[in-house]
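In the numbering used here, the protein residues as written are 533 to 698.
Take a look at the structure:
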């Protein structure tokens, strides 16, 4: 991206609103093969310059949380995922860093995560957020408390592991 393009994006605003977002990230699994995707429906809230993104219970069998700060169009912070206690990874907790760039409309953000895998190796991959609604009230949260509908997946019945679940 050229400097002029970056300045134009900064000038246009692009502040991601609070609301309900579809989260999906990808990685190459050492045990399952090529690019895998994991989906969560999340609620984004901001307070005192901090942004918290947390999975809605019921949208996935694991729990996800991101703690971020914003500088212009860039969101930087950490992610943590607690896997399902009855799943393949038996409640393992994975965490790492993330950086996202908010699109000029403020309706999506794309970036990369970095974290460790089961073998203790550092890995990274793409992570995207797409705004579903700016309504984050109790009724909207209840409406989205169901398995996330992936936008791109080869086997719709498989949720796939988190970045560290490899």
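C-beta: ideal position from N, C-alpha, C; glycine also.
Bear in mind that the values here come from a model prediction, so they are computed numbers and not experimental data.
When the options are compared against residue i, the one with the closest alpha-carbon
i	options	result
residue 632	665, 595, 600 and 669	600
residue 637	648, 605 and 653	605
residue 619	593, 549 and 646	593
residue 648	668, 641 and 624	624
As assigned by DSSP and simplified to three states, the class of residue i
i	result
residue 670	helix
residue 653	coil
Beta-carbon spacing of residue i, residue j below 7 Å
i	j	result
residue 626	residue 613	yes
residue 610	residue 629	yes
residue 554	residue 666	no
residue 680	residue 591	yes
C-alpha distance - residue i paired with residue j, whole-angstrom precision
i	j	result
residue 556	residue 580	26 Å
residue 537	residue 635	Bear in mind that a pLDDT of 44 at residue 537, under 50, signals an unreliable position, so the model cannot answer this.
residue 551	residue 656	26 Å
residue 587	residue 595	6 Å
residue 650	residue 547	35 Å
residue 558	residue 608	18 Å
residue 644	residue 659	5 Å
residue 642	residue 602	14 Å
Flag this pair as touching only if the segment 570-586 and the segment 664-682 have three or more C-beta atom pairs under 8 Å; answer yes or no. yes
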